[in-house]
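A.B. asks: Below you will find the structure I want to go over with you.
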Amino acid sequence: MNAALARFVSSRLFWPIVMLLVLFLINVVAFPGFFTITVRDGNLYGSLIDILRNGAPTLIIAVGMTLVIATRGIDLSVGAVCAISGAVACSILLGASDPAHPGTVAVAVLTAIAVGLVCGLWNGFLVSVFGIQPIIATLILMTAGRGIAMLITEGQILTVNSPPFKVLGAGFWFGIPVAVYLGVFVFVIAAVLTRRTALGMLIESVGINPEASRQAGVRARVLLFAVYTFCALCAAVAGLILTANTMAADANNTGLFIELDAILAVVIGGTSLAGGRYSLTGTLIGALVIQTLVTTVYTVGIPPIATMVFKAAVVTVVCLLQSPTTTEAFGSFRKRLALRSGKGVAAA
Amino acid sequence: MTEPTRPPAPADHPEPVVEMTDISISFPGVKALDAVSFRMFPGEVHSLMGENGAGKSTLIKALTGVYPIDTGTILLGGTSVQFHTTAQAQDAGISTVYQEVNLLPNLSVAENIMLGREPRRFGGIDVRRMKGQAAEVLAGLGLDVDPGALLGSHSLAIQQLIAIARAINVDARVLILDEPTSSLDADEVAELFRIIRALKESGVAILFVSHFLDQVYEIADRLTVLRNGRLVGEYLTPDLLRIDLVQKMIGKEIATLEDLEQRVREDAAAGDATVFLRARGLGRKGAVAPLDLTVHEGEVIGFAGLLGSGRTEIARLLGGVDRADSGELTVRGEAHRLRTPRQALSARIAYSSENRRTEGIVDELTVRDNIILALQSDRGWLRPIPKKRQQELAESYIQALNIRPANPDALVRNLSGGNQQKVLLARWLAVAPRLLILDEPTRGIDIGAKAEIQKLVVSLAENGMSVVYISAELEEVLRLSHRVVVMRDREMVADLPNDDLTVDSLLALIAEGDQTELPGHESGERA
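What follows is the structure in structure tokens.
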């Protein structure tokens, strides 16, 4: 039992989980009904459900971002891709004679995802074929993407009225929000694709030592294409959820700063920005931490103008806890504890 | 453990400058050092001897503050110290030059030498004075290097000497040289030894770690032998016969490498093997002049030459790591283009780079992942090697190559250099190549592992695999090769059967070339 506890304490997921629990605790103290889940019209409601539903877009993008970061890359363009995907879907719905027809919605959704795919191929092309540094390569689409979305919406905020489309963002299936299903779906797809195949190991290998991987015959170029494309697909799906939730495509504001939340979720989850080993579970917890933080702001009653500063403070604490210095100090503390309580633990 | 007897301290410096007592360090799953004691006297060269994983590097890192010690004490000049960073150790007068060059190739030579203690002026760096001081240090070492040039533009050997210049530049009481000579040629080694002797005269205590026994016996006054993380003993160099030293290091009778030579000879007599690879006019501008090469099945070809002679460059062309810009190549009679390592691997040619750390191992992955990496990428990501098969592969290679620790889940980062090399070999063997190109597979690793790798090469060739063997150690090349290709100044100067070659005749070829051996080559050039 003690050994299992020691392993948990030393695992990379320890601090993110502690952080999440602390945030839960703060929320319960400030708002005793935090854990309460009520059933209305057969659907589940409550703060936890809200966190899961509102956190889904961030989680979905963070999953894609995790794989990109594992290859030593980064994708700054995800927020812009969200905006493009929402704009494409809404403009198709607006142009259709019957926006509420399921077939029209399917066309809109699939087209938006296809456009996301093209965005990802573009990023992958710049990074893997031209060898442009990922931060620069994706900065291009980050800037241009909102402009493209603006062209698609012709500078307007496109408001649509399509109940089947709205389901993506605000609907329920079997009592659980559809967005949560989508989040789980993307997470499971990524986990199965990378951990049930050799993809994850190859991605990590390229992230740790690209030249050694190349010499071992790893097709780094194809892998880079794949991760940037997957990341953009994730962004397109997230963009659809965000747009469907408000039923409006806003080129300027859909998915604004979501790239930063996604990167934070990955980092909080313990995946290093230097590439290499990654943890999708860590990213999941990281995304929940970020979304719980947003909720905490409301329950604790922090004024909206202080929200950003509060968020930054919490993120700072998490990063400090995970820093090598803290890890080392904590490690030697544990060692001393173990020595005091008998040498057996130290040997194990 | 009984305390081994210690030889007396030197007469003129009776007090040790470094005294490490009962040092123990554990890593997850490994006891790297077990109650090891070690001392150094001023004005003495002390060699730390032991196989890979014996604990040499760990002991050095304990002294220099890289690793915290679990138990034991370190006295420096009589006072107890415990360093938490290398900077603290350096400030206390302990300077280290590590096995692999640890400098910044994108900075100038002067910046590298003076890094962290640049002369200041108006809050900025006084570039002119920095260059001047660096030039003085270089001149003091008799090195003709432009301090303003980028470090990366120099060869590995020069970089190594610059690393030493950097270490000497600090007022060091203790200078640690970890495998400083592994990439130096004979003249450079002599130069280094001149510097070491001068420093010794001035009272510096020098820790010299090398796998070259000749060099150890030439320069070291005192030896400390480690084995499997334990202290074997401390000896004065003149009192310990070489054969005894080697036995203390590996703890068993040495497998005689002469047997290998005999096996190679007998095998060569068989002859008339089929051609595996034939290259015509293969070359790359700025790397290696066009040359012809034939590799037979089951043949070991040694490439000899100095650093930068083209021996590595031609191997990289064969391995698809660099692209040839001239010539053609057939593998088993079929024309092949080896434009990427992947293409070479699919032609069943594997190249094991000389840069183990930067181009070989993937250090944050496990031993198992490193072993299966090439095989897995050949199968493609959609067809993962089943977990059970991965485990079997890893375990069988760990056993066959005697990889320590014998744990497939250990991170390769935590292995010693020799064991990393074995993991790399296992990766290439796992793809069952028909031609294995080994570039300096024994550099910076101990005698035991060297012998194991050489034995492996011979038995692989006996089973029909072709091997290209590149090494700066000519004895190895001569011992293993059926044929020797000599490179000089980016050209092939000889391609000879290994009948009556000796180290001396090979040295003569490397130094002078011998045109009479290659009339075709010469006339080809004139045409």
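Those protein sequences? They're chains A and B, same order as listed. Counting from 1, position 210 in the first sequence corresponds to residue 212 in the working numbering; the numbering is continuous, with no gaps. Counting from 1, position 211 in the second sequence corresponds to residue 385 in the working numbering; the numbering is continuous, with no gaps. Ideal Cβ positions, reconstructed from N, Cα and C, are used throughout, including at glycine.
1) Which partner residues does B/His220 have in the DSSP bridge list?
2) The beta strand (DSSP E) spanning B/Glu665 covers which residue range?
3) State the CB to CB distance for the pair B/Arg601 and B/Ala548, rounded to an integer number of angstroms; the pair is presumed to be in contact (CB under 8 Å).
4) Would you identify the three-state DSSP class for B/Arg522, choosing helix, strand or coil?
5) By the 10 Å Cβ neighbour count, where 16 or more other Cβ atoms means buried, how is B/Gln334 classified, buried or exposed?
6) Could you tell me whether the Cβ of A/Asn56 comes closer than 8 Å to any Cβ of chain B?
7) Which term fits B/Leu278, buried or exposed, when burial requires 16 or more other beta carbons within 10 angstroms of its beta carbon?
8) Among the residues of its own chain, which have a CB less than 6 Å from the CB of A/Ile62, if the five just before and after it don't count?
9) Measuring alpha carbon to alpha carbon, tell me which residue in B/Asn637, B/Asn581 and B/Gly224 is nearest B/Leu387.
10) How is the beta strand (DSSP E) around B/Val641 delimited, first residue to last?
11) Using only alpha-carbon positions, find the residue among B/Val660, B/Val319 and B/Gly591 that is nearest to B/Arg530.
12) I'd like to know if A/Asn45 contacts chain B, where contact means its C-beta is closer than 8 Å to some C-beta of that chain.
13) What are the residues that DSSP puts in a beta bridge with B/Phe212?
14) What do you reckon, are the CB atoms on B/Gly479 and A/Ala214 nearer than 8 Å?
15) From this set, B/Asp583, B/Ser200 and B/Leu492, which residue's C-alpha is nearest B/Val469's C-alpha?
16) Around the C-beta of A/Ser12, are 16 or more other C-beta atoms found within 10 angstroms, so that it is buried, or is it exposed?
17) Counting contacts by CB-CB distance shorter than 8 Å, is A/Met203 in contact with chain D?
18) Against chain B, with Cβ distances strictly below 8 Å, would A/Gly272 count as a contact?
19) Starting from A/Thr285, follow the alpha helix (DSSP H) in both directions and report where the run begins and ends.
20) Take A/Arg74 as the anchor and find which of A/Ser207, A/Leu54, A/Ala6 and A/Val296 has the nearest alpha-carbon.
21) Check whether the Cβ of B/Arg617 lies closer than 8 Å to any Cβ atom in chain A.
22) Taking a contact to mean a Cβ-Cβ separation below 8 Å, would you say B/Ala379 touches B/Val192 in this structure?
23) Enumerate, from N- to C-terminal direction, the unbroken alpha helix (DSSP H) stretches of 4 or more residues contained entirely within the stretch 40–122 of chain A.
24) Grouping DSSP H, G and I as helix and E and B as strand, with all else coil, what is B/Ala509?
25) Quick check: what's the CA-CA separation for B/Ser645 versus B/Ile350?
26) Hey, B/Phe477 and B/Ala489 are a contact pair by Cβ (cut 8 Å); roughly how many whole angstroms apart?
27) Residues bridged to B/Arg458 by DSSP?
28) In whole angstroms, give me the CA-to-CA distance for A/Ile28 and A/Ile287.
29) Under 8 Å, do B/Val677 and B/Leu654 count as touching if we go by C-beta distance?
30) How about A/Ile210 and B/Leu567: are their beta carbons less than 8 Å apart?
31) If we require 4 or more residues per run, which alpha helix (DSSP H) segments fall completely within the stretch 240–325 of chain B?
32) If you reduce the DSSP assignment to three classes, tell me which class A/Ser207 lands in.
33) For A/Gln293, is the classification buried or exposed, using 16 other Cβ atoms within 10 angstroms of its Cβ as the cut-off for buried?
34) Quick check on A/Ala250: does DSSP put it in helix, strand or coil?
35) Which residues, in chain order, does the stretch 499–526 of chain B contribute to contact with chain A at a C-beta distance below 7 Å?
36) Check whether chain A comes within 8 Å of B/Ile199, counting only Cβ atoms and requiring the distance to be less than that.
C.D. replies: So, to answer that:
1) B/Leu381 and B/Arg396
2) Glu665 to Pro671
3) 5 Å
4) coil
5) buried
6) no
7) exposed
8) Gly185, Val188, Cys236, Val239 and Ala240
9) B/Gly224
10) Ser640 to Ile644
11) B/Gly591
12) no
13) B/Met194
14) no
15) B/Leu492
16) exposed
17) No chain D appears in this structure, whose protein chains are A and B.
18) no
19) Leu282 to Val302
20) A/Ser207
21) no
22) yes
23) 49–72 and 80–97
24) strand
25) 26 Å
26) 7 Å
27) B/Val462
28) 17 Å
29) no
30) no
31) 260–265, 283–288 and 301–314
32) helix
33) buried
34) strand
35) Pro515, Arg516, Leu519 and Tyr525
36) no
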